[in-house]
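**Q** Each number in our numbering corresponds to the 1-based position in the sequence shown with 9 added. Heads up, the beta-carbon is just placed ideally off N, CA and C, and yes, glycines get one too.
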Amino acid sequence: MTRPPGEPFRTGDKVEVSIDEEGFHGSWYEARVARFMPKLARYTIDYETIVVDTEECRPLRETVPASNVRPRPPHLGAAWYAIHQLVDAYHNEGWWTGVVSEVRSGEKYVNVFFPSSGETIAFRTSEVRAHLEWINDRWVVPDPRKTDI
């Protein structure tokens, strides 16, 4: 998706949304924009992985601050992971920021430590991506020494 810097997302755009609730810090959820309310600086979004009714599989719809919405990060292709590397791992329907603590089984699996919960979980490398920050309308590789996760 390309959009001019500073321009709002449009209806149907694929985005990621952070949730401002205890227990969700550092996680991002895939969603689509349903509506933008410029005077309120808010978006109504439909989550793609969180459903409100498990029988109907109807996506949860919420209105969130524009500051909690970002484009989906670029796919960087196959990646090699290293110990202490910042990554996002797909867990509980969202992308959670953690640190690679071990590379296993010929680099097909990595253990990721999540400082927010103190957990270490094993993931296939297909469930992990390099961690990027959305800053001033562009993707930036953060300095791990300056990143607070």
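Whose C-alpha, out of Arg138, Leu95, Val78, is nearest the C-alpha of Tyr38?
**A** Answer by Cα proximity: Val78.
**Q** So the candidates are Trp89, Pro80, Pro124; which of them puts its Cα closest to the Cα of Thr134?
**A** Among Trp89, Pro80, Pro124, the Cα nearest to that of Thr134 is on Trp89.
**Q** Looking only at its chain, what residues have a beta carbon closer than 6 Å to the beta carbon of Arg70, apart from the 5 residues adjacent to it on each side?
**A** Correct list, in chain order: Asp55.
**Q** Assuming Pro47 is part of the beta strand (DSSP E), what are its boundary residues?
**A** Careful: Pro47 lies outside any beta strand (DSSP E) and carries neither H nor E.
**Q** In the DSSP assignment, what residue or residues form a beta bridge with Gly103?
**A** Gly103 is bridged to His100.
**Q** Mapping DSSP to helix, strand and coil, what is Glu31?
**A** In this structure, Glu31 counts as coil in the three-state DSSP scheme.
**Q** For Thr53, which of His93, Gln94, Phe18, Arg147 has the nearest alpha-carbon?
**A** With distances taken between Cα atoms, Thr53 lies closest to Phe18.
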